[in-house]
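Mapping the sequence shown onto the numbering used here, position 469 (from 1) lands on 476, and the numbers just tick up by one.
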Amino acid sequence: MELTDLTVVGALRELRGGAISSEDLTRAYLDRIDRLDKGLVQAYVTVTPELALDQARAADARRAAGEDAPLLGVPMALKDLALTRGIRTTCGSKMLENFVPVEDATLTTKLYDAGAVLLGKTNMDEFAMGSSTENSAFFPTRNPWGDLSRVPGGSSGGSAAAVAARLAPFAIGSDTGGSIRQPASLCGVVGFKPTYGRVSRYGLIAFASSLDQFGPLTADVADCALITEVIAGHDPKDSTSLDVAVPRYGDTLTGDLRGMRIGVPKEYFVAGMEPGVDSQIRAALDVLRGLGADLGQVSLPHTDYGLAAYYLIAPAECSANLARYDGVKYGFSAGAERMLDNYYQTRGNGFGSEVKRRIMLGTYALSSGYYDAYYLKAQKIRTLIKQDFDRAFERFDALVAPTSPTVAFKLGDKTDDPLAMYLSDVCTIPINLAGLPGLSVPCGLSDGLPVGLQVIGKPLDEATVLKVAHAYEQASGGPLPRPTLENATA
8 MELTDLTVVG
18 ALRELRGGAI
28 SSEDLTRAYL
38 DRIDRLDKGL
48 VQAYVTVTPE
58 LALDQARAAD
68 ARRAAGEDAP
78 LLGVPMALKD
88 LALTRGIRTT
98 CGSKMLENFV
108 PVEDATLTTK
118 LYDAGAVLLG
128 KTNMDEFAMG
138 SSTENSAFFP
148 TRNPWGDLSR
158 VPGGSSGGSA
168 AAVAARLAPF
178 AIGSDTGGSI
188 RQPASLCGVV
198 GFKPTYGRVS
208 RYGLIAFASS
218 LDQFGPLTAD
228 VADCALITEV
238 IAGHDPKDST
248 SLDVAVPRYG
258 DTLTGDLRGM
268 RIGVPKEYFV
278 AGMEPGVDSQ
288 IRAALDVLRG
298 LGADLGQVSL
308 PHTDYGLAAY
318 YLIAPAECSA
328 NLARYDGVKY
338 GFSAGAERML
348 DNYYQTRGNG
358 FGSEVKRRIM
368 LGTYALSSGY
378 YDAYYLKAQK
388 IRTLIKQDFD
398 RAFERFDALV
408 APTSPTVAFK
418 LGDKTDDPLA
428 MYLSDVCTIP
438 INLAGLPGLS
448 VPCGLSDGLP
458 VGLQVIGKPL
468 DEATVLKVAH
478 AYEQASGGPL
488 PRPTLENATA
């Protein structure tokens, strides 16, 4: 076994036992990144080898002195919208191509305090707007499954591809409408969006503030539970952060689902779902039944309105959040002599087409005469969607559904059809609108490409979501083997 085959839990076991050093582990990942990332997977926007090795040596010194920490010496990757002091943070955009933050996100600080080692920042759709990581201002990321001709999903495609290609043992993504879970599904890894407010958003470059949430992408559910425990918790710097205790999630991974009530929303088996995805999801339901869970159908009747509501609420919030990029305070500036010309040229040249599309949609929805007809009505639909879930959880402990209606599609297949791209998130968006925890766990292959099973929980009940996902993972033979890429060519 190579060092880069180790899970986070496995790496910690070897580090604590003295069998390996953090420096050796970090060098193994940096070597693999050097061989397989640039021009091939393209998961990273920025690699930080000097910092990584300095942090790894410091971790080894701490361990030699008898210290320990939850992630001491374990390498990681961060989606390039988490602030990192002294390291450029681009958000996948020309607008922030040379932006170097002066402070860390709370999430970054928590991971550093836990002893994690930063390998680099991962590629993403610009300002997290996309489902394929083709909207990055720099280059598209490629899915390591198959022949590198397919998308990794988005917007956290770089983080998902990095874990799938063994270019990082774990990575952090963000999820506004499915941006952790959908790429996790397409890349065959575990991706978890905790309850809104469970993880601090301080230092997350905002897209839609009432929807955005940090979360981990990992090789298996045990790793996911550990990383979630590290990054969760109240943060006084974030007004939306919830002041509630964080459970020991690892203790809940018992594998026992006997007597658990699990609902299957009929609306999530959507028209357009690929037959191979449908069959793998139904096979996963049989596995859960075999574990003793009591499965029953449930209806979430307002699901069909979720996509439309999301694409009014999220663009409206993005139009407000992105107003700060004016060419004056920081970021890209066109340098025109007249202030108004500079404003127009900065925003016209600094933002990509998808970001401009969403800004215009959001500005229209918030404009005089249209606010009540569009934005306010979308917020009412959001409430109805949340109430659907509330009623479902009166009967069930968790819900399960497909994560994505398709497997990974070819690069370029949907770039000219925004609506087709938006439909990639049809199964994930309602969970964000309701603020619920949702996790994607691999559940087999369709035509040789990964399929994801989505587990949805009650607010703040990440423990049950992780328990169901872990039990399924273990009963179905464990995590998917990750692609080797040793013979990969661009």
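Note that beta-carbon positions come from the ideal geometry of N, C-alpha and C, so glycine has one too.
* Asked: Looking at the structure shown, is Leu452 part of a helix, part of a strand, or coil, going by DSSP?
  -> Leu452: strand per DSSP, three-state reduction.
* Assign Asn142 to buried or exposed, taking buried as 16 or more other Cβ atoms, counted over all protein chains shown, within 10 Å of its Cβ. => Looking at its Cβ environment, which holds 16 or more other Cβ atoms inside 10 Å, Asn142 is buried.
* Asked: Buried or exposed: Gly485, going by 16 or more other Cβ atoms within 10 Å of its Cβ?
  -> Here Gly485 is exposed. Its C-beta has fewer than 16 other C-beta atoms within 10 Å.
* Can you give the beta carbon distance from Val107 to Gly93, rounded, assuming they're within the 8 Å contact cut? -> Sure, about 6 Å apart at Cβ, within 8 Å.
* Asked: For Val271, which of Gly279, Arg173, Gly303, Leu264 has the nearest alpha-carbon?
  -> Nearest of Gly279, Arg173, Gly303, Leu264 to Val271, Cα basis: Gly303.
* Asked: Are Leu218 and Gly185 closer than 8 Å when you measure CB to CB?
  -> Not closer than 8 Å, so no.
* Go ahead and pull the three-state DSSP assignment for Ser181. => When DSSP states are grouped into helix, strand and coil, Ser181 belongs to the strand group.
* **Cutoff 6 Å; reference Thr148; Cβ partners in own chain excluding five residues on either side** => Taken in chain order, the residues that qualify are Gln49, Ala50, Asn130, Thr140, Pro159, Gly164, Gly165, Ala168.
* Can you tell me the Cβ-Cβ gap for Ser453 and Gln352, rounded? I've got them flagged as a contact below 8 Å. => Their Cβ separation, rounded to whole angstroms, is 46 Å, which puts Ser453 and Gln352 out of contact at 8 Å.
* Is the Cβ of Gly299 closer than 8 Å to any Cβ of chain D? -> The structure shown contains no chain D; it holds only a single protein chain.
* To do: Enumerate in chain order the residues of its own chain whose CB-to-CB distance from Val124 is below 7 Å, with the five nearest sequence positions on each side excluded.
  => Excluding the 5 residues flanking it on each side, Val124 has same chain C-beta neighbours closer than 7 Å at Ser29, Thr33, Ala59, Gln62, Ala63, Ala66, Gly80, Val81, Pro82, Met83, in chain order.
* Asked: Do you know how far the Cα of Ser374 is from the Cα of Ala172?
  -> Whole-angstrom Cα-Cα distance: 45 Å.
* **Cβ distance (whole Å) where Tyr209 is taken to contact Thr113 below 8 Å** => Correct: roughly 4 Å between the Cβ atoms.
* Asked: How should Pro282 be labelled, buried or exposed, when 16 other C-beta atoms within 10 angstroms of its C-beta is the threshold for buried?
  -> Label assigned to Pro282: exposed.
* To do: Give the DSSP bridge partners of Thr53, in chain order.
  => DSSP lists Lys128 as partners of Thr53.
* To do: Would you mind stating whether Cys434 and Gln461 have Cβ atoms separated by less than 8 Å?
  => In this structure, Gln461 lies closer than 8 Å to Cys434 by Cβ.
* Asked: Per DSSP, which one or two residues make a beta bridge with Ala89?
  -> Leu211.
* Asked: What distance in whole Å lies between the Cβ atoms of Arg95 and Thr53, which are believed to be in contact at a cut-off of 8 Å?
  -> About 6 Å; that satisfies the 8 Å criterion.
* **6 Å CB neighbourhood of Val458 in its chain, flanking five on each side removed** => Only Val284, Gln287, Cys450, Gly451 meet the Cβ criterion.
* When you compare only the Cα positions, how much space is there between Trp152 and Leu487? -> Looking at the two C-alpha atoms, the distance is approximately 11 Å.
* Asked: Buried or exposed: Ala71, going by 16 or more other Cβ atoms within 10 Å of its Cβ?
  -> That one is exposed.
* **Proximity of Asp227 and Lys200 at Cβ, strictly below 8 Å** => Here Asp227 is not near Lys200, since their CB atoms are 8 Å or more apart.
* Residue closest to Ser156, alpha-carbon to alpha-carbon, out of Val475, Leu430, Asp424, Phe416 -> Nearest C-alpha to Ser156: Phe416.
* For Arg188, count neighbouring C-beta atoms within 10 Å of its own C-beta (all shown protein chains included) and say buried if the count is 16 or more, exposed if not. => Arg188 should be labelled buried.
* Asked: Based on Cα-Cα distance, which residue from Leu249, Leu13, Gly297 lies nearest to Arg265?
  -> Residue Gly297 is the option with its Cα nearest to Arg265.
* **Contacts around Glu361, its chain only, beta-carbon distance under 8 Å, and the 5 residues preceding and following it disregarded** => The answer, listed in chain order, is Asp132, Glu133, Met136, Gly137, Asn142, Pro425.
* Can you give the beta carbon distance from Leu90 to Leu118, rounded, assuming they're within the 8 Å contact cut? -> Not quite, the Cβ-Cβ distance comes to about 12 Å (not below 8 Å), so this is no contact.
* To do: Return the first residue and the last residue of the beta strand (DSSP E) that Gly270 is part of.
  => Element bounds for Gly270: 268 to 272.
* To do: Measure the alpha-carbon distance for Leu37 versus Gln220 and round it to whole angstroms.
  => When rounded, the distance between both Cα atoms is 28 Å.
* Taking the CB atoms as reference points, tell me whether Thr259 and Ala470 lie closer together than 8 Å. => In this structure, Thr259 lies near Ala470, with their beta-carbon atoms less than 8 Å apart.
* State the DSSP-derived secondary structure class of Ala26, mapped to helix, strand or coil. => Annotated three-state conformation of Ala26 is coil, per DSSP.
* Nearest-angstrom Cβ-Cβ length linking Ala505 and Val305, presumed shorter than 8 Å -> For residue 505 there is no data in the structure shown, the boundaries of the chain being 8 and 497.
* Name the DSSP beta bridge partners of Pro223, please? -> For Pro223, which the question treats as bridged, DSSP gives the partners Ile179.
* So what's Ala112 in DSSP terms, helix, strand or just coil? -> Coil at Ala112, not helix or strand.
* Can you give me the Cβ contacts of Leu319 inside the same chain, cut-off strictly under 7 Å, excluding the 5 residues immediately before and after it? => Only Ala372, Tyr381, Tyr382, Ala385 meet the Cβ criterion.
* Identify, in the order they occur along the chain, each residue of the same chain with its Cβ nearer than 7 Å to the Cβ of Ala213, setting aside the five sequence neighbours on each side. => For Ala213, the CB contacts under 7 Å within the same chain, skipping 5 residues up- and downstream, are Asp219, Asn328 in chain order.
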